[in-house]
Amino acid sequence: MLEIREKHDNPNPRLTANVFSRLTFCWLTNLFWYGSNHQIQAKDLYDTVPNDLSEPLGKELERHWKHQVDNFLKIGKKPSLLIALWKTFGLKYLLQGINLFVLNLVLRILLPLTLGALIRHFHQCSTTTESYAYTLASGIILIILMQVLIERHAFLDQSEIGMRARIACSSLIFRKLTKLSSSLANQSTGGLVINLLSNDVAKFERTSIFLHYIWIMPLQLAAITYLIWMSLISYLRAKVAARTDTRTLLMSELVHGMRVLKMYTWEPLFERLIAQTRKREINIFTVTAYLRGAKLAGHFFTERTTMYFTLLAYVLQGHPISAEKVFAMFQYFNMLQITAANYFPLAVDTAAEVRVSLHRIEKFLLQDEAKSLTDKSAMIKIDSNDAIVMKKVNASWSEKPVTPTLTDLNLVVPRGMLFAVTGPVGSGKSSFTKLILGELRVGTGGELHRAGSLSYASHEPWLFAGTARNNILFGEPYEARRYQRVLEVCALHKDFQQLPSGDKTLLGDRGAGLSGGQKARINLARAVYRNADVYVFDDPMSSLDGQVAESIFKDCINGFLKDKTRILATHSNRHLQEADTIVLLNNGHVEYQGSYNDLKKDEKYLHLIPSNDEIESLPSLEKHEQLQDEEQLKIDDTTLDSKDEDEKAEPKETEEFIAKGKLSKSLYTKYCRAGGSYFVLFLLAIYFLLGQLATSACDYWLAYWVRQEEEQTLNSSDIYGCNPNALQATNNRTNPAKYVITENSRSMTSLYIYSILTLACVVTLVTRNIWFCQRFMKASRNLHDRMLQRLLKAPMQFFDRNPSGRIMNRFFNDINVLDEILPVTMLDGLQVYVFMIGVITQVFLIKWWTIFLMLLMAYLFYRMIVFYLATAQNIKRLEGVAKSPVFSHVDACLSGLSTIRSCSAEKIVVRDFDAHQDHHTSAYYLTLATSRAFGLWIELVLLVFIGLITYSFIFILNGMLQFGIRQSTDVMTQMTNVERVVQFTELEQEGQDREHEGQEIVKPSKNWPTNGDVEFSKVWLRYGKENEPVLKNVNFIVEAGVKVGIVGRTGAGKSSLVSAIFRLTEYEGRILIDGLDTSKIGLTDLRKRISIIPQEPMLFSASLRANLDPFDEHDDAELWSALQSVELNRLFVSLDQSIEPGGGNLSAGQRQLLCLARAVVRQNRIIVLDEATASVDPATDELIQSTIRSKFRDRTVMTIAHRLNTIMDNDKILVMDNGRVVEYDHPFVLLSKIDGCFAKMVQQTGNSTAQYLRDVAEELTHLYSIKKKIKQNIQIS
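The sequence shown lines up with residues 1 to 1277 when you count with full-length UniProt numbering.
Here it is in structure tokens:
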């Protein structure tokens, strides 16, 4: 079972809170008080409430989605995720619309009416009483209080429904992921799933807040709705999603292949590719940001432009304006502005984004699924003596293949037999095993029947981040006797004894920290531990040392599982000899089926199978030690029944770094400076002031105009009284022409000035916001690029310590906040604050004494902000960290879907995914609740001030001040995402230690190394200062052009030699190449001069040309020549042919040959093979060796090998043990040492094989002597 975080029982007080506490959010006060004095940790977060749990939400949505799919199958109606979501959450969401109806169509309309009545009370001609005025004032306060309570709770409840929709969709996506066929799952690793879970599902939350405003204001801006929805927003969202998918794919390949990428010096390549993709992505984001910036500017100029056109029509008709009419209109327009210019566009905007996301999620959910292992059609009863029956089976990975992958299969696998599958590279062995698992599609007319349960061990080991024991159990109950027996037959006891915490040791992401052999044996032990009827093995022992592989085959496959049905895909001649039945595949069809003896008699098949002369594998020192200590490894009953080991506490996973305390002031500076210089920021600040100056001037002039009109009216009323009819009649009798001309002249002059100021307001606000968005989009891009640069140069220990999900979380979840949320929130808050400064300045000019109340209010707000942020920022940090395990879990499951399904562990991984989601929800919901609670408390404080000071200005500030303060605190909490990004821009870099020591970097010559001499001198290496050294005083010399084979048991230090040569880990001592100390040259200069052929081939999603020559340094002829040298020229028709992620469209052998072709192209003087032939068949191994002998004849080659025949013809053999060099000489010299380590290894292969190896060594001794003399003569001459 995949690891989940430790569970803390902390019931949510919301469940038991009374009505008053729920209404005022008092149930959060304890958390705020605790957070103001302590650092909030994960254990302090409240448990997820039952209604927000991932599992029930996912199941409910899955039920409605399946109903949609069933309708499609029955009546052809296209499935709709929107309908499924509506059936799941629609009723609850509809009820929330009632609150908004009351808020927008009752309270917000009632407030201006009440306010207008109060203003009329103060008119000179008013006849209302003072008690009536107090009643109106109290009514206003009550209406505002009801608005505050309804709005805060409505927004929180709608956000919670959106959160539930996100959780349910995420759970549904993951459930679908566990059912995808392997081919589609490989395509999904191209960034689609991660992007769906990080970006697309997040759109539901914002949409849920504003969606109701579409029906609340159905008629306004209908035409704009159509244009925005159909023509712009959906188009932009679709483009940015596709470009984010591409960036996700590249980042995934980068993180998973970082070790090999560093050795290839491909950091500049990936930096360029990702930066280009990021630039295209950010260009779309910038356009979207411009639109949002203009929309935010509209929040302030919409009501002014609307007021302008209304007054224009009113004045041109000859009507005088008054304070009562203007103020009432202003309030009405303000109410419409909130709905029409704010919420409604947000609803359209977010709904358009959700429309795209829904389409993308639907497309993913409708992808074809793998055939379930428990599918009834695959479990039809067959003969009791048969385990698997195939009749006329044509199978393929895709729905409409050009040619089937497997053709015309007619096979019967008897129960209890060992059924071996063999064939050359690309013959279809792995596809055959996947067919049995149900991963391939069976064509029409074919029948595949299976009896009983299955267990599967993949060719490439699949391990997840967790303890070694949990990797083996994988959800199965722990049975001590069986578990210990499985460890014994899989040769894991010795390995677990060497691990710090035994089988409770935490493994890194994808088994980081283990050798290839250890990964393979744990992967095999998982399959063996399951008590199944049929065991399917896809050559899981190919990467094991020879004697260990032979021991496991004997003790496990033909011992522990001897009574089970076993299907083994293998290249091993020895294993074929032990098989009851052999199937020989070639180009996807069966060439032969029968016994091994009959197969050997037919000469036409000999070229397709390993020959007797192909020596199998290298026995390890580990096995030699195991044989000596065999008695110590026997498991007695006492050991089995012991509970000490089980009760021993498991070591905890390395926690993700979480910053503590207040956010640093420099963080804001770094963020702002990433978008431009101080001068640019200064100009931007000036522009903000100009924008507010234009807005305030517009408002001031309107007030001045109204005041002038009213003074004229009052002067007339002093003479003629308050009767408007008498006043109008008198005006007409006296001098009507003069009056009209005077009035019109004054009104038109005021109108002209008002027009100019309104235009200035619109222009300055829009340009200011667009410039702001452009600057902070640049900041997001720059921070992403800096983070990428630092990541690429981080030491390998960083990637070993941090799961891929943590890294991906920073590059997608955190960067998404910087792209889409933070700039808008910051702009919103800034323009509100600037506007409030303008309003308050005008108020001070009128009523200077209010400054004392405002200072008191400002102090209270400051204390509230400090009190809130102490808790909110910590919760936001925890929320950011809680998202990483979700991505890590998805990433791990994507690479192991076949294993998960073979173990029937879909429910287990879904349950763990839901648990990760629940952990994230517990933090995320608190971010929502604390934000809404803070907003409510701010507004309640404002209500108190409404009762203390004049109503004239506070109504404008009431909602706006609360909104501005909440936006500013949201910015401060969202700055934790910037903090997490900035942390990655300050990662430790490779080679820093030597730079700190003051060593100068030496630039080697262009042709360095000219010879290829390699010397290790007193080299010590350790992974971390606190760890024991893994290389201990290593000293040896490899002369130019010499081929050296490196052997040793697991943990002997073989791979550490590679790390030292490439400086993946810093070391003590000296490594010299052609006499130049490699520690004194740049890492790029060093690594690009050495070629590596790794055990796990590194291929990325690009063209064949880019994979062979990523920096475009060679012409086509050279590339085709390299492909021809490894016999891949016929496989490809063009150098522009696409390679799928990880080389998914190539076999394991073809991927390795392509890496060899890459080394041929580079033609470096030094070649390193890191167990490059561990996972390929003997024929491919022989091809690789012959290519090395022909193409690298005069090159220095260092080969870490597990097959003795691959290195027996080398010039020298280096034997490693426990980090030290124990033997180093020509193979024949080492074999002459009877008690030598290498001689014992050879002897353990058996008498005939040992004699063959000695003959090879002796034959090559003469050739080596001649070669050495020729070299000496050349040097003398």
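Here a beta-carbon is modelled for each residue, glycine too, at the ideal position from N, C-alpha and C.
Decide if Ile851 is buried, meaning its Cβ has at least 16 other Cβ atoms within 10 Å, or exposed. Mapped onto the sequence shown, residue 851 falls at position 851. Ile851 should be labelled exposed.
Contacts around residue 1279, its chain only, beta-carbon distance under 7 Å, and the 5 residues preceding and following it disregarded: As shown, the chain starts at 1 and ends at 1277. That puts residue 1279 outside it, with no answer to give.
I believe Met808 touches Ile194 by the beta-carbon criterion, under 8 Å. Please report the beta-carbon distance rounded to the nearest angstrom. Here residue 808 refers to the residue found at position 808 of the sequence shown. Here residue 194 refers to the residue found at position 194 of the sequence shown. About 6 Å separates the two Cβ atoms, so the contact holds.
In angstroms with no decimal places, state the Cα-to-Cα distance between Asp1115 and Ala42. Here residue 1115 is taken as the residue at index 1115 of the sequence shown, counted from 1. Here residue 42 is taken as the residue at index 42 of the sequence shown, counted from 1. When rounded, the distance between both Cα atoms is 56 Å.
Hey, could you find the ends of the beta strand (DSSP E) Ser1017 is sitting in? Position 1017 of the sequence shown, counted from the start, is the residue given in the question as residue 1017. Ser1017 -> beta strand (DSSP E) spans 1014-1021.
Cβ separation of Gly423 and Asn586, assumed to be a contact under 8 Å, to the nearest whole Å: In the sequence shown, the residue the question calls residue 423 occupies position 423. In the sequence shown, the residue the question calls residue 586 occupies position 586. At roughly 6 Å, the Cβ-Cβ gap stays under 8 Å, so Gly423 and Asn586 are in contact.
Specify, as a first and last residue, the run of the alpha helix (DSSP H) that Arg1158 falls within. Against the sequence shown, residue 1158 aligns to sequence position 1158. Looking at the DSSP string, the run of the alpha helix (DSSP H) that includes Arg1158 is 1148-1162.
Do Gly1142 and Ser458 come within 9 Å of each other at the CB atom, strictly closer than that value? Sequence index remark: in the sequence shown, residue 458 carries index 458 (1-based). Sequence index remark: in the sequence shown, residue 1142 carries index 1142 (1-based). No, Cβ-Cβ distance for Ser458 and Gly1142 is not below 9 Å.
Contact under 9 Å by Cβ, Gly569 with Ala420: For the purposes of this step, residue 569 is identified with residue 569 of the sequence shown, where counting begins at 1. For the purposes of this step, residue 420 is identified with residue 420 of the sequence shown, where counting begins at 1. This sequence places Ala at residue 569; Gly is not what is there. Contact flag set, yes.
Compute the Euclidean distance between the alpha carbons of His449 and Glu369, then round it to the nearest angstrom. On the sequence shown, position 449 is the one that residue 449 refers to. On the sequence shown, position 369 is the one that residue 369 refers to. Each residue's Cα considered, the two are about 18 Å apart.
Quick test of your reading: Leu365 and Trp65, contact by CB under 8 Å. State the CB separation rounded to the nearest angstrom. Translated into positions along the sequence shown, residue 365 becomes position 365. Translated into positions along the sequence shown, residue 65 becomes position 65. With 8 Å as the limit, Leu365 and Trp65 qualify as a contact, their Cβ atoms being about 7 Å apart.
Take the Cβ of Leu561 as the centre, count every other Cβ of all protein chains shown within 10 Å, and call the residue buried at 16 or more, exposed below. Within the sequence shown, the letter at position 561 stands for residue 561. By the 10 Å Cβ count, Leu561 comes out buried.
Would you grab the beta carbon distance between Leu1104 and Gln1137 for me? Rounded to a whole angstrom, and I think it's under 8 Å. To locate residue 1104, count along the sequence shown from 1; it is residue 1104. To locate residue 1137, count along the sequence shown from 1; it is residue 1137. Right, their Cβ atoms sit about 5 Å apart.
Could you pull the DSSP bridge partners for Pro414 from this structure? Counting from one through the sequence shown, the residue named residue 414 turns up at place 414. Bridge partners of Pro414: Asp386.
Just tell me which of Lys1032, Leu1154, Gly516 has its CA closest to the CA of Val1221. Your numbering for residue 1221 matches position 1221 in the sequence shown. Checking every option, the nearest Cα to that of Val1221 belongs to Lys1032.
May I ask you to report which of helix, strand or coil DSSP gives Lys562? To locate residue 562, count along the sequence shown from 1; it is residue 562. Three-state DSSP puts Lys562 in coil, outside helix and strand.
Status (buried if at least 16 other CB within 10 Å, exposed otherwise) for His38: Locating residue 38 in the sequence shown gives position 38, counting from the first residue. Looking at its Cβ environment, which holds fewer than 16 other Cβ atoms inside 10 Å, His38 is exposed.
Helix, strand or coil at Ile741 [DSSP, three-state]: Position 741 of the sequence shown, counting from 1, holds the residue named residue 741. At Ile741 the pLDDT is 46, less than 50, meaning the model places this residue with poor confidence; the figure from the coordinates comes in the next sentence. Of the three classes helix, strand and coil, the one that applies to Ile741 here is helix, per DSSP.
If distances are taken between C-alpha atoms only, which option among Asp1225, Ala905, Val1160, Gly1053 comes closest to Ser455? Here residue 455 refers to the residue found at position 455 of the sequence shown. Checking every option, the nearest Cα to that of Ser455 belongs to Ala905.
Assuming Leu487 contacts His493 (C-beta within less than 8 Å), just tell me the rounded distance between them. Mapped onto the sequence shown, residue 487 falls at position 487. Mapped onto the sequence shown, residue 493 falls at position 493. Their Cβ separation, rounded to whole angstroms, is 5 Å, which keeps Leu487 and His493 in contact under 8 Å.
At which residues does the alpha helix (DSSP H) containing Gly991 begin and terminate? Counting from 1 along the sequence shown, the entry for residue 991 is found at position 991. Per DSSP, Gly991 belongs to no alpha helix (DSSP H) and is neither H nor E.
Run through the DSSP bridge pairs and tell me what Thr248 is partnered with. Numbered from its first residue, the sequence shown carries residue 248 at position 248. In DSSP, Thr248 forms no bridge with anything.
Alpha carbon to alpha carbon, how far is Ala480 from Asn558? Give it in angstroms, no decimals. Taking the first residue of the sequence shown as 1, we reach residue 558 at position 558. Taking the first residue of the sequence shown as 1, we reach residue 480 at position 480. Roughly 22 Å between the two C-alpha positions.
Considering only residues of the same chain and omitting the five flanking positions on each side of Arg781, which have a CB-CB separation below 8 Å? Counting from 1 along the sequence shown, the entry for residue 781 is found at position 781. So the qualifying residues of the chain are Arg278, Lys279, Ile282.
Per DSSP, Tyr592 forms a beta bridge with which residues? Residue mapping note: residue 592 aligns to position 592 of the sequence shown, counting from 1. Per DSSP, Leu584.
Tell me whether Asp349 sits in a helix, a strand or coil according to DSSP, three-state version. For the purposes of this step, residue 349 is identified with residue 349 of the sequence shown, where counting begins at 1. Helix, per DSSP.
Rounded to whole angstroms, what's the CA-CA distance from Asp157 to Val762? Just pull it up for me. Looking up residue 157 in the sequence shown gives position 157. Looking up residue 762 in the sequence shown gives position 762. Answer to the nearest angstrom: the Cα atoms are 35 Å apart.
Given 8 Å as the limit, is there contact between the segment 1069-1082 and the segment 1119-1136, that is, 3 or more CB pairs closer than that? no
Counting pairs of beta carbons, one from the segment 144-151 and one from the segment 937-945, are three or more of them closer than 8 Å? yes
Would you grab the beta carbon distance between Glu271 and Gln789 for me? Rounded to a whole angstrom, and I think it's under 8 Å. Stepping through the sequence shown from its first residue, residue 271 is reached at position 271. Stepping through the sequence shown from its first residue, residue 789 is reached at position 789. Confirmed, Cβ separation roughly 6 Å.
Nearest to Lys564 by alpha carbon, out of Ile388, Phe688, Gly1051, Leu463? Sequence index remark: in the sequence shown, residue 564 carries index 564 (1-based). The candidate whose alpha carbon is nearest that of Lys564 is Ile388.
Which partner residues does Lys391 have in the DSSP bridge list? Counted from its first residue, the sequence shown places residue 391 at position 391. Paired residues: Glu447.
Presumed contact (8 Å Cβ cut-off) between Asp912 and Thr48, rounded CB distance: Locating residue 912 in the sequence shown gives position 912, counting from the first residue. Locating residue 48 in the sequence shown gives position 48, counting from the first residue. With a Cβ gap of about 15 Å, Asp912 and Thr48 do not count as contacting.
Looking only at its own chain, which residues have a Cβ that is under 8 Å from the Cβ of Asp769, when we skip the five neighbours before and after it? For the purposes of this step, residue 769 is taken as residue 769 along the sequence shown, with counting starting at 1. Position check: residue 769 holds Asn in this sequence, whereas Asp was assumed. Closer than 8 Å at Cβ, skipping near neighbours: Gly293, Ala294, Leu296, Ala297, Leu827, Gln831.
Kindly indicate which three-state DSSP category residue 1282 falls into: helix, strand or coil? Any question about residue 1282 goes unanswered here, given that the chain covers just 1 to 1277.
Please classify Glu1028: does DSSP put it in a helix, a strand, or coil? The residue given as residue 1028 occupies position 1028 in the sequence shown. Correct three-state label for Glu1028: coil.
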